[in-house]
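Participant: Residue numbers (this note's numbering), protein chains in the order written: chain D, 1472 to 1871; chain E, -5 to 214. Every residue, glycine too, gets a C-beta built ideally from N, C-alpha and C.
1. Rounded to a whole number of angstroms, what is the C-alpha to C-alpha distance between residue 214 (chain E) and residue 173 (chain E)?
2. Can you check the region 51 to 111 of chain E for any alpha helix (DSSP H) of at least 4 residues that lies completely inside it and give the ranges in chain order?
3. With DSSP collapsed to three states, give me the class of residue 1704 (chain D).
4. Could one say the Cβ of residue 1754 (chain D) lies closer than 8 Å to chain E's Cβ atoms, at least one of them?
5. Rounded C-beta distance between residue 1801 (chain D) and residue 1779 (chain D)? I'm assuming under 8 Å.
6. Residue ranges of each beta strand (DSSP E) run of no fewer than 3 residues wholly in the region 130 to 203 of chain E, ordered along the chain?
7. Cβ of residue 59 (chain E) less than 8 Å from any chain D Cβ?
8. For a cutoff of 8 Å on Cβ pairs, would you count residue 117 (chain E) as touching chain D?
9. Is the beta carbon of residue 179 (chain E) less than 8 Å from the beta carbon of residue 45 (chain E)?
10. What span of residues does the beta strand (DSSP E) with residue 1863 (chain D) cover, start to end?
11. 8 Å is my cut-off, CB to CB: does residue 31 (chain E) come that close to chain D?
12. For the ligand NAP, is there a heavy atom less than 7 Å away from the beta-carbon of residue 152 (chain E)?
13. For residue 1510 (chain D) and residue 1695 (chain D), I'd like the C-alpha separation in whole angstroms.
14. For residue 68 (chain E), decide whether its Cβ has a neighbour in chain D, counting only Cβ atoms nearer than 8 Å.
15. Going by the DSSP bridge assignment, what does residue 1634 (chain D) pair with across the sheet?
16. Applying the 10 Å Cβ sphere with the 16-neighbour rule, what's the burial state of residue 105 (chain E)?
17. Could you pull the start and end residues of the alpha helix (DSSP H) that residue 1681 (chain D) belongs to?
18. Examine chain E for any beta-carbon lying closer than 8 Å to the beta-carbon of residue 1570 (chain D), and answer yes or no.
19. Runs of 3 residues minimum, wholly inside the region 1785 to 1814 of chain D: which ones carry the beta strand (DSSP E) assignment?
20. Is it right to say residue 1558 (chain D) is buried, meaning 16 or more other beta carbons lie within 10 angstroms of its own, or is it exposed?
21. Any idea what DSSP makes of residue -2 (chain E), helix, strand or coil?
22. Residues of chain E with CB under 8 Å from residue 1834 (chain D), in chain order?
23. How long is the line joining the alpha carbons of residue 1653 (chain D) and residue 123 (chain E), rounded to whole angstroms?
24. Nearest to residue 1601 (chain D) by alpha carbon, out of D:1633, D:1697, D:1675?
25. State whether the region 1634 to 1642 of chain D contacts the region 1860 to 1869 of chain D, with contact taken as three or more CB pairs (one from each stretch) at a distance under 8 Å.
26. Alpha carbon to alpha carbon, how far is residue 0 (chain E) from residue 162 (chain E)?
27. Compute the Euclidean distance between the alpha carbons of residue 139 (chain E) and residue 1808 (chain D), then round it to the nearest angstrom.
28. Rounded to whole angstroms, what's the CA-CA distance from residue 1570 (chain D) to residue 1502 (chain D)? Just pull it up for me.
29. Tell me which residue opens and which closes the beta strand (DSSP E) that residue 33 (chain E) is part of.
30. Counting only beta-carbon atoms, is residue 1646 (chain D) nearer than 8 Å to chain E?
31. Please classify residue 1645 (chain D) as buried or exposed, where buried requires at least 16 other C-beta atoms within 10 Å of its C-beta.
32. Does the pairing of the region 1616 to 1628 of chain D with the region 1751 to 1758 of chain D give three or more beta-carbon distances under 8 Å?
33. If contact means a Cβ-Cβ distance below 9 Å, which residues of the region 1775 to 1799 of chain D contact chain E?
34. Give the residues of chain D in contact with residue 27 (chain E), contact being defined as C-beta atoms less than 8 Å apart.
35. Among the residues of its own chain, which have a CB less than 6 Å from the CB of residue 1519 (chain D), if the five just before and after it don't count?
36. Name the residues in the region 1802 to 1832 of chain D whose C-beta lies less than 7 Å from a C-beta of chain E; which are they?
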């Protein structure tokens, strides 16, 4: 008989995960019936909540706030131990003492996106109208919806203009949406490994992931919560496929090559003989411990719909006409999910709008994920960009 | 006599000036304070740094990724791009000055580039090595080989400079496309301006490089 080990069930129960959905281990802003979130699909979401973290202190003239926008599977726990996984914050290379975003200098904010599953209202949250989990009754959300919700949070925090909005990948999309929707409120924008529109190839990868989730019998048309289930096999496959797109051929080869996992010879089975298989299975199974399957469907959909030029008559430069925001655009040579050509198109549009823009392509073989890793040249550029913007903003030294 | 004595630059101390290239200081001196400048082929951003010190809003384009990243790491607003292909992305009148410093000879279409400079900017500042310089002529005439100098050390087969010209050639190009010369300087081997008002042929012989402040001609 051929030996097959399927992806193991998650070590963390659905209960532990769902606790974070409604009662996150972070700050929460509640928005009542008087403050609905107007969604692009035409629905008013109300009531809703935004879970967020802050690091550092807001200075007296409220000029040192930096909003970090997280990527598809990120959350608000940028620089603290994750409450579910116990792992360090996901962007501690960039945020922390002595790092480019030093909380002794800036007031750093990061909010879980609307549609997420770490405390901001999303498909895993309880629908107050039914008392049950939203599931697929949750309205489809967009990147502009996420940003609109963040703007309401920033209002709530009493901040008029953000010193900087920073993000990579889906976070970079939110950065660009911030500058297009609220140019007066963004002094500087650091958009990393992103694009102004989701490409056909990327939509295709997302569709693959969604179909993997939906093919899991435990998905139950999105109603798995009512059955006390979670489609962890489908979601793990989705994550495995996506994870490949975050790396590069060279990085995978360097890391794993054709090396075997704890064995000398092939087992002539479908067991994880190769290290790369074992690695991917681990990525899949650890992901489902902390992420909700429906949330994954909604957030990938939001990225698919993203197209700034499409919202401005097909002319990207129109989205940024007359903008005063200082931009820094960063791409990575081996990123084939958001290749440099996408960043270049953005830079051309910003040039056509006479915007002040820096654009650096960083040479690395680490693929799309490079923005999350310790890549010194990227970190140096981020630091210098923020310091230069800080000088122009009149931020000097500790707490501006 | 040093350039900074010739051209006192506001915002720069003599000590600071000493760190910078003489032709950069000369070019910076041609830019009015408070203006908006695009430096095409900005290298490591030295000129942009001088301009920034003087409170000028400077942007840059640079072909080499290493150059761009060094500029961005200095906090400068520089993008990776090519003078031949990327200037078309900029709208008309986007800048007060567009600077092309020691880059014209490396472009594929110098005439088109020059026209673009004066479309994007109300003024252009162009500097280039003068191939009419006596040392160049001598190497070709006596040595019988393609000239190489301290500033242009590359051999003919590995140089990026594909469109060399003389000061006289450049003046003729400006005339042909209706570009007005507001100011012209010829610099000697050490980057110092030739002090005397002399006829073009003298500059063409003794200027190691030419620096021109250009504006659009009549009817442009």
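Facilitator: From the atom records:
1. In the second chain, residue 214 (chain E) corresponds to position 220, counting from 1. In the second chain, residue 173 (chain E) corresponds to position 179, counting from 1. With a pLDDT of only 46 at residue 214 (chain E), under 50, the local geometry of the prediction cannot be trusted, and the value read off the model is given with reservation. Their Cα atoms are separated by approximately 9 Å.
2. 59 to 67, 77 to 80
3. Indexing the first chain from 1 puts residue 1704 (chain D) at position 233. Correct three-state label for residue 1704 (chain D): helix.
4. Mapped onto the first chain, residue 1754 (chain D) falls at position 283. Not one chain E Cβ lies under 8 Å of residue 1754 (chain D).
5. Residue numbering aside, residue 1801 (chain D) sits at position 330 when the first chain is read from its first letter. Residue numbering aside, residue 1779 (chain D) sits at position 308 when the first chain is read from its first letter. About 18 Å separates the two Cβ atoms, so there is no contact after all.
6. 173 to 181
7. Here residue 59 (chain E) is taken as the residue at index 65 of the second chain, counted from 1. Taking Cβ atoms only, chain D reaches closer than 8 Å to residue 59 (chain E), which makes this a yes.
8. On the second chain, position 123 is the one that residue 117 (chain E) refers to. No, residue 117 (chain E) does not count as interfacial toward chain D.
9. What you label residue 179 (chain E) is simply residue 185 of the second chain in a count that begins at 1. What you label residue 45 (chain E) is simply residue 51 of the second chain in a count that begins at 1. No, these two residues do not count as a Cβ contact at 8 Å.
10. On the first chain, residue 1863 (chain D) is found 392 positions in, with the first residue counted as 1. That residue, residue 1863 (chain D), is in no beta strand (DSSP E); its alpha helix (DSSP H) goes 1847 to 1864.
11. The count along the second chain starts at 1 and reaches residue 31 (chain E) at position 37. It does not; no Cβ of chain D falls within 8 Å.
12. No copy of the ligand NAP appears in this structure; indeed no ligand is present at all.
13. On the first chain, residue 1510 (chain D) is found 39 positions in, with the first residue counted as 1. On the first chain, residue 1695 (chain D) is found 224 positions in, with the first residue counted as 1. Whole-angstrom Cα-Cα distance: 25 Å.
14. For this step, residue 68 (chain E) is matched to residue 74 along the second chain. Judged by the 8 Å Cβ criterion, residue 68 (chain E) is in contact with chain D.
15. Within the first chain, residue 1634 (chain D) is the residue found at index 163, counting from 1. Bridge partners of residue 1634 (chain D): none, in fact.
16. In the second chain, counting from the first residue as 1, residue 105 (chain E) sits at position 111. Exposed is the call here.
17. Here residue 1681 (chain D) refers to the residue found at position 210 when the first chain is read from its first residue. Segment 1671 to 1686, the alpha helix (DSSP H) holding residue 1681 (chain D).
18. Start at 1 with the first residue of the first chain, and residue 1570 (chain D) comes out as number 99. Answer no: the Cβ-Cβ gap between residue 1570 (chain D) and chain E never drops below 8 Å.
19. 1797 to 1803
20. For the purposes of this step, residue 1558 (chain D) is taken as residue 87 along the first chain, with counting starting at 1. Counting Cβ neighbours within 10 Å, residue 1558 (chain D) comes out exposed, since fewer than 16 surround it.
21. Taking the second chain and counting its residues from 1, the one referred to as residue -2 (chain E) is at position 4. Note on residue -2 (chain E): pLDDT 40, under 50, position unreliable in the model; the coordinate value appears next. Helix at residue -2 (chain E).
22. Working through the first chain from its first residue, we reach residue 1834 (chain D) at position 363. Going along chain E in sequence order, the residues near residue 1834 (chain D) (Cβ under 8 Å) are 59.
23. Translated into positions along the first chain, residue 1653 (chain D) becomes position 182. Translated into positions along the second chain, residue 123 (chain E) becomes position 129. When rounded, the distance between both Cα atoms is 47 Å.
24. Position 130 of the first chain, counted from the first residue, corresponds to residue 1601 (chain D). Here the closest residue by C-alpha is D:1697.
25. yes
26. Numbered from its first residue, the second chain carries residue 0 (chain E) at position 6. Numbered from its first residue, the second chain carries residue 162 (chain E) at position 168. Per-residue confidence for residue 0 (chain E) stands at a pLDDT of 40, beneath the threshold of 50, marking its modelled position as unreliable; the derived number appears in the next sentence. Answer to the nearest angstrom: the Cα atoms are 25 Å apart.
27. Working through the second chain from its first residue, we reach residue 139 (chain E) at position 145. Working through the first chain from its first residue, we reach residue 1808 (chain D) at position 337. Rounded to the nearest angstrom, the two C-alpha atoms are 50 Å apart.
28. By one-based count along the first chain, residue 1570 (chain D) stands at place 99. By one-based count along the first chain, residue 1502 (chain D) stands at place 31. Cα-Cα distance, rounded: 33 Å.
29. Along the second chain, read from residue 1 onward, the residue named residue 33 (chain E) stands at position 39. Unbroken beta strand (DSSP E) run through residue 33 (chain E): 30 to 34.
30. On the first chain, residue 1646 (chain D) is found 175 positions in, with the first residue counted as 1. It does not; no Cβ of chain E falls within 8 Å.
31. Indexing the first chain from 1 puts residue 1645 (chain D) at position 174. Label assigned to residue 1645 (chain D): buried.
32. no
33. 1788, 1797, 1798, 1799
34. For the purposes of this step, residue 27 (chain E) is identified with residue 33 of the second chain, where counting begins at 1. Within chain D, no residue comes near residue 27 (chain E); the closest Cβ sits about 17 Å away, beyond 8 Å.
35. The sequence position of residue 1519 (chain D) within the first chain is 48, counting from 1. So the list reads 1502, 1508, 1592, once near-sequence residues are dropped.
36. 1818, 1819, 1822, 1823, 1825, 1827, 1828, 1829, 1830, 1831, 1832
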